[in-house]
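*Asks:* Below you'll find the structure I mean.
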Amino acid sequence: MLPRMKTMNPSALFVPRKAARRLPVLCGLLLALAPLPAQQEEVRRDVPYVPTPSDVVETMLKLGEVKKGDILYDLGCGDGRIVVMAAQKFGARGTGVDIDPERIKEAEENARQAGVSDRVHFILKNLFEADFHDATVVTLYLLPDVNLKLRPKLLKDLKVGVRIVSHQFDMGEWKPDKEIKADWRTLYLWTVTEKAKAEFGDK
Ligand SMILES: C[S@@+](CC[C@H](N)C(=O)[O-])C[C@H]1O[C@@H](n2cnc3c(N)ncnc32)[C@H](O)[C@@H]1O
0 MLPRMKTMNP SALFVPRKAA RRLPVLCGLL LALAPLPAQQ EEVRRDVPYV
50 PTPSDVVETM LKLGEVKKGD ILYDLGCGDG RIVVMAAQKF GARGTGVDID
100 PERIKEAEEN ARQAGVSDRV HFILKNLFEA DFHDATVVTL YLLPDVNLKL
150 RPKLLKDLKV GVRIVSHQFD MGEWKPDKEI KADWRTLYLW TVTEKAKAEF
200 GDK
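Letter by letter, the sequence shown follows residues 0 to 202 of numbering that gives the first Met the number 0.
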């Protein structure tokens, strides 16, 4: 006697006509929702990429009195030059945050070439969502409205005593402790205080 063969239920191959009609729409939807390759994705920058010249980077780090033991964050770090110099020349540790994957790749390569990869790292992230609560120094080269939008987060997340150095743009009503010129550029320094937190932490 022949063993009983397992046969496939023919209904398993049956696609109801109504569902079959919807298949192209469904495939289109799935394609539209599928993530694009990184290089095709649109990078939603709040600020265009304009690097700070090296001599100005050095002046910014001196203004912020960056030294060994400091933890510096550059929010919108571009090719990482501020973080790399802070580690290489001033002995600090640092983190760069940028929303553009190309910049993060360049920053990592620059850190590798400078031999400071063990003391810096770079995060691909929107700076408004970044965690920088452990910073002792923050550097910025953004835009006036972006500085203002970031001000409450800086004042909420940063500890009293943290220095903030901004290339070119101020913080509106929160007046800097120092303002210096580096050729035609203006550099600003603030120190986070309880008073500034109370006054500008919510606006
Ligand atoms: C003017 S560049 C400054 C680069 C670097 N800090 C310097 O001084 O050389 C601004 C950088 O911010 C980045 N950026 C713009 N919007 C951002 C955002 N929402 N989050 C993180 N990075 C952003 C850009 O990709 C660009 O690299």
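Even glycine gets a Cβ: it sits at the ideal position worked out from N, Cα and C.
Assuming F127 and G79 form a contact by the criterion Cβ under 8 Å, report the distance between their Cβ atoms to the nearest whole angstrom.
*Replies:* Actually they are not in contact, since the Cβ atoms of F127 and G79 sit about 20 Å apart, beyond 8 Å.
*Asks:* Are the beta-carbon atoms of L74 and A129 separated by less than 8 Å?
*Replies:* Contact flag set, yes.
*Asks:* Quick one: what's K177 bridged to in DSSP?
*Replies:* DSSP, once it has assigned bridges, lists L188 as partnering K177.
*Asks:* One question on the structure: do Y72 and G90 come within less than 8 Å of each other, judged by their Cβ atoms?
*Replies:* Not closer than 8 Å, so no.
*Asks:* Under 8 Å, do I81 and T138 count as touching if we go by C-beta distance?
*Replies:* Contact: yes.
*Asks:* Could you give the C-beta distance for K124 and V96, rounded to a whole number, given that I count them as a contact under 8 Å?
*Replies:* Rounded, the Cβ-Cβ distance is 5 Å, consistent with contact.
*Asks:* Please list the segments of the beta strand (DSSP E) lying wholly inside the stretch 94 to 133, counting only runs of 3 or more residues, in order along the chain.
*Replies:* Qualifying beta strand (DSSP E) stretches, in chain order: 119 to 123.
*Asks:* Helix, strand or coil: which one does DSSP assign to R150?
*Replies:* Helix.
*Asks:* Cβ of G63 versus every heavy atom of ligand 1: is any distance shorter than 7 Å?
*Replies:* No, ligand 1 has no heavy atom inside 7 Å of this Cβ.
*Asks:* If L62 sits next to L157, beta carbons under 8 Å apart, how far is it from one beta carbon to the other, in whole angstroms?
*Replies:* That pair is no contact at about 17 Å.
*Asks:* Could you tell me whether any non-hydrogen atom of ligand 1 is closer than 7 Å to the CB of G160?
*Replies:* Checking every heavy atom of ligand 1 against the Cβ of G160, none is found closer than 7 Å.
*Asks:* Leaving out the 5 sequence neighbours to the left and right, which residues in its chain are closer than 7 Å to L30 when beta-carbon positions are compared?
*Replies:* Unreliable placement is indicated for L30, whose pLDDT of 38 sits below 50; the coordinate value is still reported in the next sentence. Once the five neighbours on either side are set aside, L30 has no close Cβ partner at all.
*Asks:* Under a Cβ-count criterion, where at least 16 other Cβ atoms within 10 Å of its own Cβ denotes burial, should R43 be classed as buried or exposed?
*Replies:* Result: exposed.
*Asks:* How would you label A197, buried or exposed, when you count the other beta carbons within 10 angstroms and need 16 or more for buried?
*Replies:* So A197 ends up on the exposed side.
*Asks:* Please classify R44: does DSSP put it in a helix, a strand, or coil?
*Replies:* It is coil, neither helix nor strand.
*Asks:* Taking all protein chains shown into account, do 16 or more other C-beta atoms lie within 10 angstroms of the C-beta of G114, making it buried, or fewer, making it exposed?
*Replies:* Exposed is the call here.
*Asks:* Looking at ligand 1, does it come within less than 7 Å of V137, judged from the CB to the closest heavy atom?
*Replies:* Outside the cutoff, so no.
*Asks:* Using the DSSP secondary-structure output, state which residues sit across from M59 in a beta bridge.
*Replies:* M59 pairs with nothing; no bridge assigned.
*Asks:* Please classify Q167 as buried or exposed, where buried requires at least 16 neighbouring CB atoms within 10 angstroms.
*Replies:* That one is buried.
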